[in-house]
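Sequential numbering from 75 applies to the sequence shown in the numbering used here.
Even for Gly, the Cβ is constructed at its ideal location relative to N, Cα and C.
Since the structure is predicted, the reported quantities are computational estimates derived from the model, not experimental observations.
Taking it in order: structure first as structure tokens, then the write-up.
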Amino acid sequence: MVEKKLASLKENVEKEEDVEAKRRRQEELEKIVERLKQKNAPKEGVVSKKLESLKTTVEGKGAVTPPTEEVKREVKISVQKSSSALGNFYTAFEKPLSLIQNLMNVFPISSSLKNNLDSANINISPEGYMALSSVVSIIVAFALLILIGSLSVFLTPVLSVVGVGYSVTLSIIVAVFGFIITSMIMIYYPSMKANERAKDIDKELPFALRQLSTQLKAGVSFSNSLNSIAQSDYRVLSEEFKRVLLDMEGGMSTEEAVLKLSIRTKSKGLKKALVQIIRALRTGGNLAEIITNIADDVSFESRMKIRDFTEVLNLISIGYIMIAVVGPVMLTILSAVAQLPVFGGGIAFALVLGLFIGILFMTLMILYLIKRLEPTT
């Protein structure tokens with residue numbers, strides 16, 4: 075009887091111990107899960123922010139937004155970094171410059187300013203760049219106003235004829251035009267620089283792709299192959315691959331980093347190549363063979379561009395010869411013939427000078443057109 079009671083008591087104690095052990099294990103498991111959630115929460119936030127940033131760039135929503143207090147502080151820091159004098163000027167006249175900054179947002183290209191700055195590798199926020207542009211534009215406008223006013227002081231005899239009001243009006247008009255032109259140059263500069271970088275990339279792209287393909291065929295990993303391109307002397311292309319590696323070191327996956335490069339670059343050839351690389355990374359295709367085919371396609375397109383440019387250049391050269399060579403000769407002959415008494419005393423000097431200036435201007439325009447049409451490879 076006693077033995078049965080002891081056995082029953084032992085079973086009850088063991089059951090209580092099992093329940094207590096299970097409860098403790100459950101609590102420990104919940105603590106572990108909570109720690110894992112806290113540990114992974116920031117990472118998920120970072121990834122979501124990165125994906126949101128990429129989505130914003132793809133959709134073209136790079137416009138300058140209304141500045142918050144935090145953005146205003148970043149703007150001051152950005153302007154101060156570019157130049158302490160400009161930073162002090164912006165701090166002193168922050169409110170009127172903010173109004174001018176909002177006025178500059180009416181330019182259509184300001185909507186893609188964020189992407190253009192990123193593509194041009196200009197490390198400044200869109201708001202900071204717009205603030206810097208407003209400061210530079212105002213300084214140029216004031217400089218022109220003072221310059222025209224100073225010239226008016228030295229031209230006192232002329233002022234007595236045309237009047238002081240005319241001189242003041244002219245100074246204001248020149249200052250306003252100077253402000254508008256400077257603002258346009260500052261806003262369009264990132265886009266122009268991004269396009270120049272794209273041309274430089276196109277020149278080096280076929281050679282870099284062949285090197286990348288060769289390394290992959292030799293068994294080198296994709297990240298190490300990218301590092302090899304980054305360390306090579308491919309100028310802008312090497313810089314862009316360095317940025318890709320920095321993004322990967324910062325926590326981005328290879329696919330995300332390559333996608334980010336394809337979004338920010340203005341080079342159509344590189345963009346096309348990166349799209350194929352991303353597809354190969356997703357599907358697991360033969361990356362080396364795909365890159366080799368891309369390099370062949372880029373080289374073929376370059377040869378076609380050179381052939382088309384040669385055909386166009388033949389036509390342009392005829393027009394250039396007619397304007398730059400035949401035009402001045404004909405003008406000189408006509409001027410000499412017009413001096414004969416039969417034709418009544420010749421052509422006015424101002425007309426001849428204007429025609430020569432027009433010929434010079436047209437010649438420069440043809441040279442500029444040839445430079446613009448020149449293929450990048």
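Each residue's CA atom was taken as its position, placing residue 343 and residue 254 some 35 angstroms apart.
Of the candidates 305, 356 and 303, the residue whose Cα lies closest to the Cα of residue 329 is 356. Shown here, residue 289 sits in a helix according to DSSP, grouped into three states.
Sorting 174, 104, 276 and 444 by C-alpha distance to the C-alpha of residue 384 places 444 at the top. Taking residue 394 as reference, the option from 434, 376 and 374 with the minimal CA-CA separation is 434. Just so you know, the alpha carbons of residue 365 and residue 389 end up roughly 37 angstroms apart.
Separation of residue 260 and residue 272 (C-alpha to C-alpha, rounded to the nearest whole angstrom) is 19 angstroms. Assignment of residue 350 by DSSP, reduced to helix, strand and coil, places it in the helix class. Between residue 224 and residue 174, the C-beta gap is not smaller than 8 angstroms, which leaves the two residues out of contact. 340 is the residue among 340, 311 and 427 whose C-alpha sits nearest the C-alpha of residue 186. Taking a contact to require three or more Cβ pairs closer than 8 angstroms, the stretch 311 to 318 and the stretch 240 to 250 do not qualify as touching. Collapsing the DSSP output to three states places residue 309 in coil. Around the beta-carbon of residue 256, 16 or more other beta-carbon atoms lie within 10 Å, marking it buried.
Put simply, the backbone Cα of residue 347 is about 6 angstroms away from that of residue 368. Residues of the same chain with a CB within less than 7 angstroms of the CB of residue 191, apart from the 5 flanking positions on each side, are 198, 200, 203 and 264 in chain order. In terms of Cβ geometry, residue 449 and residue 380 form a close pair [threshold 8 angstroms].
Cα atoms of residue 325 and residue 441: separation of roughly 48 angstroms, rounded to the nearest angstrom.
Residue 377 counts as exposed, since fewer than 16 other beta carbons sit within 10 angstroms of its beta carbon.
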